[in-house]
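Take a look at the structure set out below.
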Amino acid sequence: MSNGNGSTTAQYDVVIIGAGVSGNLIAKQLGLAGKKVLILEAGPTVPDSREQYMENFYLALAKTPESPYPSLAGRTGPGVGSLPDPAALPAPRATVLAIGRPPQQSHLIQSQTAGAPVNAKGEVRQLQFSSTYERIGGGTAWHWLGTSLRLVPHDLTMQSTYGVFQDWPISYDEMETLWGLAESEIGVAASVAQQEPLQAAIGLRYPPGYQYPMNPIPSSVVDQTISSAVSGMSVPGEGSEGGKEYSVFVTSTPAGRNSEPYQNRRVCAGNTNCIPICPIQAKWDPTVTLGSALDTGNVTVSYQSVAVNIAVEGGNATRVDYLQWSRDANGDLTSKPMSVTGTIYVLAAHAIENAKLLLLSNNQQGIANSSDQVGRNLMDHVLYLAWALADQPVWGYRGPLATSGIESLRDGEFRSNRAAFRMEIGNEGWNFSTGDPYTTTMDFITGTNNSQLNPQGQRLGGVKLAEQLNSFLTRQFRFGLLLEQSPQAENRVTLDPTYTDGLNIPRPHIEYGLDEYTMEGFRVAADTCSAVFKQMGATEFTQPTVHPYPPGRNPGPGDFSYQGKEYHMYGAGHIMGTHRMGTDSACSVVDASQRSHDVPNLWIVGSGSFPTVATANPTLTIMALAFKSAQSILAALGS
Amino acid sequence: MTTTPVPDNILADFANMSAALTGFQSSVLRPFLDPVNLSGLYYGFAVSQVSQQAMDALLNAYRAIATQPAQTIADTLLETASPTPSNQAQIAQSIVAMWYLGSWYKPAYQNAGTPGAVVQVVSSEAYTNGLVWKAAQAHPMGYSPFTFGYWSQPPASLATFGVNVPDGGGQ
Chain A
1 MSNGNGSTTA QYDVVIIGAG VSGNLIAKQL GLAGKKVLIL EAGPTVPDSR EQYMENFYLA
61 LAKTPESPYP SLAGRTGPGV GSLPDPAALP APRATVLAIG RPPQQSHLIQ SQTAGAPVNA
121 KGEVRQLQFS STYERIGGGT AWHWLGTSLR LVPHDLTMQS TYGVFQDWPI SYDEMETLWG
181 LAESEIGVAA SVAQQEPLQA AIGLRYPPGY QYPMNPIPSS VVDQTISSAV SGMSVPGEGS
241 EGGKEYSVFV TSTPAGRNSE PYQNRRVCAG NTNCIPICPI QAKWDPTVTL GSALDTGNVT
301 VSYQSVAVNI AVEGGNATRV DYLQWSRDAN GDLTSKPMSV TGTIYVLAAH AIENAKLLLL
361 SNNQQGIANS SDQVGRNLMD HVLYLAWALA DQPVWGYRGP LATSGIESLR DGEFRSNRAA
421 FRMEIGNEGW NFSTGDPYTT TMDFITGTNN SQLNPQGQRL GGVKLAEQLN SFLTRQFRFG
481 LLLEQSPQAE NRVTLDPTYT DGLNIPRPHI EYGLDEYTME GFRVAADTCS AVFKQMGATE
541 FTQPTVHPYP PGRNPGPGDF SYQGKEYHMY GAGHIMGTHR MGTDSACSVV DASQRSHDVP
601 NLWIVGSGSF PTVATANPTL TIMALAFKSA QSILAALGS
Chain B
640 MTTTPVPDNI LADFANMSAA LTGFQSSVLR PFLDPVNLSG LYYGFAVSQV SQQAMDALLN
700 AYRAIATQPA QTIADTLLET ASPTPSNQAQ IAQSIVAMWY LGSWYKPAYQ NAGTPGAVVQ
760 VVSSEAYTNG LVWKAAQAHP MGYSPFTFGY WSQPPASLAT FGVNVPDGGG Q
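Protein sequence lines correspond, in order, to chains A and B.
Per this note's numbering, the first sequence starts with residue 1, numbered consecutively.
Per this note's numbering, the second sequence starts with residue 640, numbered consecutively.
The structure is reproduced here in structure tokens:
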């Protein structure tokens, strides 16, 4: 490694930047093949026990995705008032509490404007990008949901099938093999037989005889109630498909959580806490794979090591410069410049930080960017949230956060014109939508009406309070709709010219918006949710607003209007597209193996490689692509 | 938090008052075997926020009506029929919120008349023992005492979760 003077004395076969889903899987595969690997991780180490993270979670006032993880202030006082200044942090991350906040609190620098303006093309611009990520050992997938859906065949062929966007440079047959590897690594609980109705609906298929590693996760009472209510329901096709009907049905969700012991981890106990943290690690997370990587004896991790430059000389990457940071006894931040060399380099720091480091390298001239696509096509599964009260108890706040969804609308000819979506069924009542059970409880204690459930302003106590809360909380449920966002070159990550972090590294600047294709998907998504609620006899409470702001407030970042109707867009936490893959080096950054077109010994991996985002939660496909990258790296090393 | 031990009879009064205010059985709030001692923690925390004098006054108001039906006690101390609850009733609200949610919310009189400003989660055990999760026939998010697959079936009755329902049954 280093002799402490910043010069390098040892050489690795592969240097990986980032200890998350992709980095850990690639490290494991290379380690198993006897290759010497160093992982540079910007954030702190993986703790021996998750007890401290659980304590952080319990004591957090706002139980946001980031709440269990280090370097977040704000446990006491007015919640968001004491967010740390990213300018003082060594590896700041985007946080939910910082959404819409100024640069003194938000790592991401955004030029969002309240009441996002519409440009000449009908696009909403300067919209808040609302997804976040971690910078710690294990990465953002500490708080992934566990949803392990495969893409459907047309997801890879949007250009050739529907005439929009790009095709993926990889076949469905090859992806099937890679998904199988990923499902085994994660331990996905699902049944091919349960997924079978999706073959006719959206073309989902499996190789003959394929079986998931373990039996499916049981469906919740919420799922069962919705499934019964929508039996036989369909929604009409649009435009030229006027005569067609799309059937609406509920399918059990393949999940990266244990239905039986797997890899020395327990079965799911239904803690309803997959996000922010599974208390018992029944849900796979990247630290599981990291453990396997370390067990090979060939993988080393250097924590608190922030890469600042990938040197490229003579066309090849030759060195990674990084800052190893620590805090002294007074808590003051110090850092030491270091360098390390390898035969091959893998950038696996997630979509925004990957783009940032590529743009930062070579004295901010950038590397691997002859296509000018680095940082562009930033996408999310923009999330539409709809919530309702059922006419009978469905008993939410129980079980994994989500166990089923309506997947039957993920594909169709409408994709020529508007975004497809999947409908995730939530098992956590109105926790996401309304901040419940807190909001409704305080409404009935103090006489407020922030939940919309106390319009008379009642104040209750005793058994009346308990029974009123029981009546509402047991009937709450929600849909979270993941929409397929268009790739747009102007949605991009650049280096902010003004704001830096605690290591004086420029922070990511975000430009973001939605086009009509995506917004039209929003419109249909909202109408579809309302139709399902009506079919169920449920009462809808969806508001174009976001907790904790009261209804009736002025539009804020993340709100937009389309065809005269107000919407609020949430982030799904699925950050994608900033180093798109493709066959043509003129308009893509990496090839199908996630290898840089420009720098042949550099792989740039993760959901940033997705040329289109479709509607499946990305982690399974991130890992599938990482398997392919590992294979190609081994081939390049001559193994 | 280190606190001076509170006499047992005062804690018993605090727990019994809290049971009436929350609608839960006193044995849920202050079990016979009580290693967590939430009633002691909550008593001390409330005193630290609103003063000993204010807590004494609230407990005395409770003692004066302690033999009445639990719902009457709750409605009286919380002044649920009044459009402008007194400072003492607002303290009772904050105590209800603490039992339900595990967090301390400032009484409106301490917060420019606006109710519901949250101060802090009192402790991790306060979070994992919040009554609202029982009122939902569920469990605290992140703290499930149940086992694999329980979510595919309806839960046990509300009475089983400790709510002092009048007929002792129902869902």
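Glycine residues also receive a C-beta, built at the ideal position from the N, C-alpha and C atoms.
Listing by chain order, which chain B residues have their CB less than 9 Å from the CB of residue i?
i: A/Arg398; result: Ala775, Gln776, Ala777, His778, Ser783, Phe785, Tyr789, Trp790 and Pro794
Looking at C-alpha atoms only, which residue of the options is the closest neighbour of residue i?
i: A/Gly558; options: A/Cys529, A/Tyr512, A/Lys534 and A/Ala526; result: A/Tyr512
i: A/Ile622; options: A/Arg50, A/Arg327, A/Pro337 and A/Ile575; result: A/Ile575
i: A/Tyr12; options: A/Asp584, A/Thr318 and A/Pro207; result: A/Thr318
i: A/Val235; options: A/Ser530, A/Arg205 and A/Trp430; result: A/Ser530
i: A/Met536; options: A/Gly314, A/Gly331 and A/Val230; result: A/Val230
i: B/Ala775; options: B/Val802, B/Gln749 and B/Gly781; result: B/Val802
i: A/Asn264; options: A/Asn427, A/Thr64, A/Ile275 and A/Val288; result: A/Val288
i: A/Ala141; options: A/Ala269, A/Arg507, A/Cys274 and A/Thr615; result: A/Cys274
i: B/Ala658; options: B/Leu697, B/Ala709 and B/Val686; result: B/Ala709
i: A/Val238; options: A/Gly412, A/Lys534, A/Arg50 and A/Glu55; result: It is worth fixing the name first, because residue 238 of chain A is Glu in this sequence and not Val. It is A/Gly412 whose Cα lies nearest to the Cα of A/Glu238.
i: A/Arg646; options: A/Ile26, A/Gly18 and A/Phe249; result: The structure shown does not extend to residue 646 of chain A, since chain A is modelled only from 1 to 639, so the question has no answer here.
Return yes when the Cβ of residue j is within less than 8 Å of the Cβ of residue i, no when it is not.
i: A/Pro254; j: A/Ser148; result: yes
i: A/Arg478; j: A/Gln392; result: no
i: A/Ser471; j: A/Leu198; result: no
i: A/Tyr53; j: A/Pro47; result: yes
i: A/Leu378; j: A/Ala419; result: no
i: A/Gln452; j: A/Phe541; result: yes
i: B/Val757; j: A/Val463; result: no
i: A/Tyr567; j: A/Pro544; result: yes
i: A/Leu359; j: A/Pro90; result: no
i: A/Leu178; j: A/Leu625; result: yes
i: A/Thr641; j: A/Asn427; result: Since the displayed chain A opens at 1 and closes at 639, residue 641 of chain A lies outside it and no answer follows.
Helix, strand or coil for residue i? Go by DSSP, reduced to three states.
i: A/Ala626; result: helix
i: B/Val667; result: helix
i: A/Gln110; result: strand
i: A/Ile510; result: strand
i: A/Trp168; result: coil
i: A/Lys121; result: coil
i: A/Glu183; result: helix
i: A/Trp325; result: strand
i: A/Gln535; result: helix
i: B/Met737; result: helix
i: A/Asp584; result: coil
i: B/Tyr682; result: helix
i: A/Glu566; result: strand
i: A/Gly291; result: helix
i: A/Ile226; result: helix
i: A/Ile406; result: strand
i: B/Phe800; result: helix
To the nearest angstrom, report how far apart residue i and residue j are at their CA atoms.
i: A/Ser588; j: A/Leu357; result: 17 Å
i: A/Thr446; j: A/Val152; result: 49 Å
i: A/Arg75; j: B/Ser762; result: Because the pLDDT of A/Arg75 is 40, which lies under 50, any placement of that residue in the model is unreliable, and the question is left without a value.
i: A/Thr439; j: A/Leu38; result: 47 Å
i: B/Ala759; j: A/Ile633; result: Note that residue 759 of chain B corresponds to Gln in the displayed sequence, not to Ala. Roughly 50 Å separates the two Cα atoms.
i: A/Tyr549; j: A/Gly342; result: Confidence in A/Tyr549 is poor, its pLDDT being 45 and thus under 50, which makes the residue's placement too unreliable to answer from.
i: A/Val299; j: A/Lys36; result: 6 Å
i: A/Gly405; j: A/Thr251; result: 6 Å
i: A/His547; j: A/Asn316; result: With a pLDDT of 46 at A/His547, under the threshold of 50, the predicted position of this residue should be treated as unreliable, and no value is reported.
i: A/Asp515; j: A/Leu127; result: 11 Å
i: A/Ala586; j: A/Ser370; result: 7 Å
i: A/Gln110; j: A/Val493; result: 10 Å
i: A/Val188; j: B/Asp652; result: 52 Å
i: A/Met519; j: A/Arg376; result: 20 Å
Given that residue i touches chain B, what residues does it touch there, using C-beta distances under 7 Å?
i: A/Ile445; result: Gln732, Val735 and Ala736
i: A/Cys268; result: Phe787
Could you list which residues in chain B have their beta carbon closer than 8 Å to that of residue i, in chain order?
i: A/Thr474; result: Ala775 and Gln776
i: A/Phe57; result: Gly781
For residue i, which residues in chain A fall below 7 Å Cβ to Cβ?
i: B/Thr719; result: Arg459, Leu460 and Gly461
i: B/Asn803; result: Val463
i: B/Pro754; result: Thr446 and Thr448
i: B/Ala696; result: Per Cβ cutoff of 7 Å: no residues; B/Ala696 is ~18 Å from chain A at best.
For residue i, would you say it is in contact with chain D, using Cβ-to-Cβ distances shorter than 8 Å as the test?
i: A/Ala189; result: This model lacks chain D altogether, as its protein chains are A and B.
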